[in-house]
Structures are given as structure tokens and as C-alpha cells.
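The sequence shown begins at 1 in the UniProt record's numbering and counts up by one. Below: one structure, written as C-alpha cells.
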Amino acid sequence: MNKILVVESETILLELLAEALTYNGFCTITTTSFEQGYGLTKQELPDLILCGYSSKNINSYNSDETCWTFLQKIRQDLETVNIPLIMMTGDDLKLVPNWHNYLTDQDILLKPFNLKVLQEKIHTRLQPFRIQSKTEKKCVAPHS
């Protein structure tokens, strides 16, 4: 069972994503805080991270940690550097400086999106990491 961490400030979207991902067989861990998201990433080592980004909502997060500092920490940590990340955003990324230093076009999911498109993107990003150990991982993930 693949483990997905969802970091999203919009609680309704966070709950919808958690329910949809769990329904589709993923072990889902959720948080609205990037700071908590980094801690959960280190603790749980998820197979994939879904991260919400909105330049309008940066101050609504529970800390001064931002999506970009979260992403930098993930990419600079040897334990987490290879965890695939999909950024969900409604913003024009041309206005975000240096986003291409951390993400490729395949890592971006534009809001609003269809759950089928999200599933396809998740499966595509997880494909290279499909080799699992013979003992199946159990989902004992904390929800925030």
C-alpha cells in the first residue's frame, strides 16, 4: 500500500483528497502545515507528497514555513530527496521565481482538477518506485 502525504491549507480540499485517496487504496497522511508536513515526511517517509500552493494563502498556514522552504528542505535531505512531489496550484507559476529549480512540468497539477487526472498523475509519479518489498506495508498513518 503506497503512503501519500497531503499538505493542503484548504481543509475541505484536504478532507476530500484524503477520502478519495483512501478509497483508492492509498494510505493517506494529512496536515495543513508545511512545518508539520516536513516532520511527517521525515517520520513516515511517504511514497509521494501532494502539496498545495497558493500565493494568496501563504499567511493562512500555521507557521512562517512556506511551500518553497518545505520543498527546499525535502530536496536537500538525503532521506527525502527522491520522494516524488506533486504541487497542486491555481497560480501562474511564471510569477513564482525559480520554481523550475525544484519541480518539473510533471510535478505540477493545476487547480481546479479532476480526481481522475490526479490519480493518473499519482500513478505516473509512483511508477518508477513500484518495486516493493515482499512484506506489504501496513497503513498506520496519523491524521492531523
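Here a beta-carbon is modelled for each residue, glycine too, at the ideal position from N, C-alpha and C.
Residue i, DSSP secondary structure in three states
{"i": "V7", "result": "strand"}
{"i": "I83", "result": "coil"}
{"i": "T66", "result": "coil"}
{"i": "G30", "result": "It is Thr, not Gly, that sits at residue 30 in the sequence shown. Three-state DSSP puts T30 in a strand."}
{"i": "T104", "result": "coil"}
{"i": "residue 167", "result": "For residue 167 there is no data in the structure shown, the boundaries of the chain being 1 and 144."}
Span separating the alpha-carbon of residue i from that of residue j
{"i": "N114", "j": "Y38", "result": "27 Å"}
{"i": "K42", "j": "K111", "result": "27 Å"}
{"i": "D107", "j": "Y23", "result": "23 Å"}
{"i": "L85", "j": "K116", "result": "18 Å"}
{"i": "L71", "j": "E79", "result": "13 Å"}
{"i": "H123", "j": "I83", "result": "14 Å"}
{"i": "L14", "j": "T32", "result": "8 Å"}
{"i": "G52", "j": "L21", "result": "15 Å"}
Cross-strand partners of residue i (DSSP beta bridge)
{"i": "M88", "result": "G52 and L109"}
C-beta atoms of residue i and residue j nearer than 8 Å
{"i": "V7", "j": "T28", "result": "no"}
{"i": "L17", "j": "L50", "result": "yes"}
{"i": "S54", "j": "D92", "result": "no"}
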